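Here the sequence shown is numbered in our numbering, starting from 2 and rising by one per residue.
We treat Cβ as the ideally placed atom computed from N, Cα and C, and that holds for glycine.
Just so it is clear, the structure is predicted and the values come from calculations on it, not from any experiment.
Let me begin by presenting the structure, written as structure tokens, before commenting on it.
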Amino acid sequence: MTSSSNIGALLKKAIVFTGLFAGIYAILALFAFMGNVFFERYGSSPWISVLPGILIVILIFRPLEDFLTRVADKYLFRNRRDNEELLKTSISEAAQKEKMAIIGTLSAGINHEICNPLGIARGQCEAFLLNMKDGLYQDKSSEDLLLRAQQIMAKVIRETDRATAITKKLSSFAKPARGDVELVDISEELDEVFGLVRYELRLDKIAFEKNIAGDLPRILVDKKQFQEVLFNLLRNAGQAIDDRGRISVAAREAAGKVVIDIQDTGSGIDQDKIKELFNPFFTTKDPGKGTGLGLFIVRQVVEKNGGRIYMKDTKVGSGTTFTVEFPVSGLEGAGAS
């Protein structure tokens, strides 16, 4: 898509500038002809009469270029422009469908996590009521009963808070990004996002290692979009590991940038597929298991937030490392104070 787009842009420029030079030549030729006529009749220099032509060319060059560009777009490149808009719409719709499918899978995994604390809370309350009904607390003083009730209520509150926190994570992830940038702590967002990935992939057999520099500055990005970048990269890393393995995330500051390395011990990527990794609709997954938009969208989001992403290293059978870089924000000092 990128190469065809570049070819189309070059072709359009060639047509526009051909029209421009033809127009300029016609104007100068007209004034040169008029100059010759004037010179023969009045004995004046023909080059003086060319000067108004040069002035007119300077004045109309930019408007003429804009006019020819609009004409070329309207009559020569209309189908191409429509196709590009259709492709953008298709990509956007496919990306939204993929996100909804991910959220659906997350919901199924999170359902189990929510049921556990709610089941514990319910069990504590039921046991207390049954013990009261069966008279097991008859020999207890009112102070002892009150203390026992307080202990149970504290546990109920703790477990319901745990369930609430899980649902808030999913709700927060599901909300669309608003485009607002803020100073973001990478370590905090990493913990938040990995919790969601764990719910979806059930990463019981995958070790997660985090090595974040203690003095790492925050980055100025759209928080929601940054979470989606981390989610896609961690999810891809988890899906690349067939059984047992490890996902390692390291972040450091280097040359005025915050550098994040996400490494997995998965299957790796074939060399002949590396160049296509960030192309839309390209996927190394089995048919039906991915739209091929994950890395394409990740790159768009990273670049939109002033960053850069690339595949640092891969080896078939050993794993892959992706690197994301963001500039250190000049607001970090102000934000930290």
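| Asked | Found |
| --- | --- |
| Same chain, Cβ closer than 6 Å to residue 264, neighbours up to 5 away in sequence not counted | 249, 322 |
| Residue 289 - DSSP class collapsed to helix/strand/coil | Here residue 289 scores only 49 on pLDDT, less than 50, and its place in the model should not be relied on; the value that follows carries that caveat. In the structure shown, residue 289 sits in coil (DSSP, three-state: anything other than H, G, I, E or B). |
| Neighbourhood of residue 231 by C-beta, 7 Å cutoff - its chain only, sequence neighbours within 5 removed | 190, 191, 194 |
| Reduced DSSP category for residue 319 - H, G, I as helix; E, B as strand; rest coil | coil |
| Residue environment, residue 278, which counts as buried when at least 16 other CB atoms sit within 10 Å | buried |
| Rounded separation between residue 218 and residue 145 - CA only | 51 Å |
| Residue 280 to residue 297 span [Cα, whole Å] | 6 Å |
| For residue 264, the first and last residue of its enclosing beta strand (DSSP E) | 258-265 |
| Residue 252 versus residue 314: straight-line alpha-carbon distance, rounded | 16 Å |
| Contact check, residue 220 vs residue 330, beta carbons under 8 Å | yes |
| Top-ranked residue by Cα proximity to residue 215, from 206, 136, 276, 186 | 186 |
| CB contact flag (residue 340, residue 153, <8 Å) | Residue 340 lies beyond the residue range present for the chain, which begins at 2 and ends at 338; the question has no answer from this structure. |
| DSSP state of residue 120 mapped onto helix, strand, coil | helix |
| Beta carbon of residue 188 nearer than 8 Å to that of residue 207 | no |
| Alpha-carbon to alpha-carbon, residue 239 and residue 131 | 45 Å |
| Separation of residue 227 from residue 124, as counted between CA atoms | 39 Å |
| Segments of 4+ residues assigned as alpha helix (DSSP H) that fall wholly inside the stretch 182-227 | 187-202 |
| Exposure of residue 317, with buried meaning 16 or more beta-carbon neighbours within 10 Å | exposed |
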